[in-house]
Amino acid sequence: GTILVTGASGFIGAWVVKYLVEQGFSVRIAVRNDKQGEFIENRFPEYKGKVSHINVPDIEKDGAYDEAVKGVDGIIHTASPVVWSWEDPEEIIGPAVRGATGILKSAQKFGTNVKRVLVTSSTVSILAYDYDGAAKPGLTFDETSWNTLALELKHDKSSSPWLVYQTAKVKAEKAAVDYVEQNKPAFDLVTVLPSYNFGPFIHQTGKDLGSTLGMLVGTFATPDTTGNLTGDWVDVRDTAKLHVLALQNAAIGGQRLAATNGIFAWQDMYDILNDAGYDAPGKETKGAGKTKQNTAVVNTKTFKYFPDFKYHPLEETVRDMGAELKARGFLN
Ligand code: NDP
């Protein structure tokens with residue numbers, strides 16, 4: 007079959023394409039321009055004749071995905087802004103929400119073969135990080151909870167980019183779920199909710215790595231060596247594999263699946279990078295991350311549906327990421 011992948015030029019999307027091809031799928035990628043499309047089509051020899059691109063320059067436009075969905079059997083929608091500066095919060099919330107609902111509308115109208123649409127949400131859609139009401143040690147959340155705090159926040163130009171991102175993700179997921187409930191398309195919807203992704207990367211990058219890779223590299227300049235800044239994390243390869251597995255598992259229509267593997271502090275990553283011989287910050291404060299705990303997301307349902315799924319351990323994820331960061335000049 008053929009699967010449409012959006013956001014294929016990104017950190018997670020690039021791995022999704024790779025695993026789909028490895029599983030024997032043909033992949034149509036929706037990108038903003040030919041240059042991006044051609045880069046990905048030629049990324050690996052095995053993509054030849056298997057990966058093709060279609061340009062969708064503006065995912066907010068009505069009917070943006072009408073052509074892209076024609077003839078595909080399934081859709082993995084990962085495209086959504088993961089940036090931490092903007093002029094207006096609508097630059098983040100608009101594409102997140104209208105992209106997710108727009109692709110469902112197009113699929114219902116023109117995607118006559120589509121059996122499942124998978125939308126990449128985030129654990130921020132489960133849990134409000136970093137502000138009152140959530141970050142309590144020992145407290146856990148699972149796939150059944152919604153970040154209603156971020157859902158209800160009103161934003162303006164002075165809002166925190168982190169909270170705007172949370173609102174964008176939870177609104178987009180909610181809008182997708184509501185769309186399917188109200189419009190009852192022939193396909194079903196699965197949302198995948200990863201925590202902070204780390205690991206090696208195969209997408210084209212510029213001076214700013216963007217996404218969570220950019221966040222990590224940003225901390226090299228102003229490191230958190232107290233171990234106090236923590237979050238949930240997952241290997242990007244595991245996130246992508248879970249997307250591909252979730253697309254094919256008939257039993258999980260309508261579910262939310264968390265892709266997450268525990269809590270990290272930036273200092274934990276510095277320790278692994280330094281031990282592997284890279285020049286990361288936090289040499290003097292080795293071990294300071296280990297003792298810290300915070301509110302965590304647990305992926306009960308994911309393990310229910312994929313009991314044998316093995317996540318990469320943090321050491322392996324960070325070592326593999328270190329090699330790629332060094333190869334691309336972001337780490338010595
Ligand atoms: P990247 O920034 O690496 O990739 C984002 C992708 O979305 C790119 O392909 C980008 O295209 C596309 N995109 C962004 N904004 C737009 C837009 N306005 N119009 C069209 N395309 C757009 O991020 P990730 O790969 O990390 O994120 C992918 C998805 O996973 C997102 O939905 C994100 O919210 C979600 N996620 C990510 C997590 C993480 O830790 N990284 C954790 C949880 C969820 P282009 O290259 O053209 O900019």
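The UniProt record's numbering numbers the first residue of the sequence shown as 7 and each following residue consecutively.
Where is the CB? At the ideal position from N, CA and C, for every residue including glycine.
Contact defined as beta carbons within less than 8 angstroms: I believe residue i pairs with residue j. What is the distance between those atoms, to the nearest angstrom?
{"i": "I269", "j": "T236", "result": "5 angstroms"}
{"i": "D230", "j": "W272", "result": "5 angstroms"}
{"i": "V22", "j": "I82", "result": "6 angstroms"}
{"i": "H318", "j": "D241", "result": "4 angstroms"}
{"i": "G205", "j": "M327", "result": "5 angstroms"}
{"i": "K94", "j": "K163", "result": "According to the sequence provided, residue 94 is Asp. The question's Lys does not apply to it. Confirmed, about 6 angstroms."}
{"i": "T308", "j": "L263", "result": "5 angstroms"}
{"i": "L12", "j": "A113", "result": "Note that residue 12 is Thr in the sequence shown here, rather than Leu. Actually they do not touch by this definition, with Cβ atoms about 12 angstroms apart."}
In terms of residue numbering, what span does the beta strand (DSSP E) encompassing residue i cover?
{"i": "T8", "result": "T8 to T12"}
{"i": "Y202", "result": "Y202 to F204"}
{"i": "W239", "result": "T236 to D241"}
{"i": "R134", "result": "Here the sequence assigns Ala to residue 134, which means Arg is not the residue at that position. Unbroken run through A134: none, as it is neither H nor E."}
{"i": "residue 349", "result": "The chain is shown from 7 up to 338; residue 349 falls before or after that span and cannot be answered."}
Just to confirm, are residue i and residue j a CB contact at a threshold of 8 angstroms?
{"i": "K121", "j": "F193", "result": "yes"}
{"i": "V176", "j": "Q261", "result": "no"}
{"i": "V75", "j": "A106", "result": "no"}
{"i": "V303", "j": "D68", "result": "no"}
{"i": "G19", "j": "G80", "result": "no"}
{"i": "A181", "j": "A156", "result": "no"}
{"i": "A286", "j": "L337", "result": "yes"}
{"i": "A294", "j": "G233", "result": "yes"}
{"i": "I60", "j": "A174", "result": "no"}
{"i": "T129", "j": "S58", "result": "no"}
{"i": "N119", "j": "G77", "result": "yes"}
{"i": "E73", "j": "S131", "result": "no"}
{"i": "D244", "j": "A265", "result": "yes"}
{"i": "P101", "j": "I46", "result": "no"}
From which residue to which residue does the alpha helix (DSSP H) around residue i run?
{"i": "L26", "result": "F17 to E28"}
{"i": "S217", "result": "S217 to A227"}
{"i": "A156", "result": "T154 to E158"}
Should residue i be counted as a contact of the ligand NDP given a C-beta to heavy atom distance under 7 angstroms?
{"i": "S91", "result": "no"}
{"i": "Q42", "result": "yes"}
{"i": "P87", "result": "yes"}
{"i": "S15", "result": "yes"}
{"i": "K289", "result": "no"}
{"i": "R325", "result": "no"}
{"i": "N153", "result": "no"}
{"i": "I269", "result": "no"}
{"i": "S201", "result": "yes"}
{"i": "P101", "result": "yes"}
{"i": "K175", "result": "yes"}
With hydrogens ignored, establish whether the beta-carbon of residue i is closer than 7 angstroms to any heavy atom of the ligand GDP.
{"i": "L124", "result": "For the ligand GDP, the structure offers nothing, since it holds only the ligand NDP."}
For the 8 angstroms Cβ check, are there 3 or more pairs between the segment 176 to 192 and the segment 308 to 328? no
Under 8 angstroms: do the segment 238 to 252 and the segment 16 to 28 share three or more Cβ pairs, one atom per stretch? yes
contact_flag[the segment 218 to 228, the segment 164 to 176] where n(CB pairs < 8 angstroms) is 3 or more: No: the two stretches stay apart, fewer than three of their Cβ pairs being nearer than 8 angstroms.
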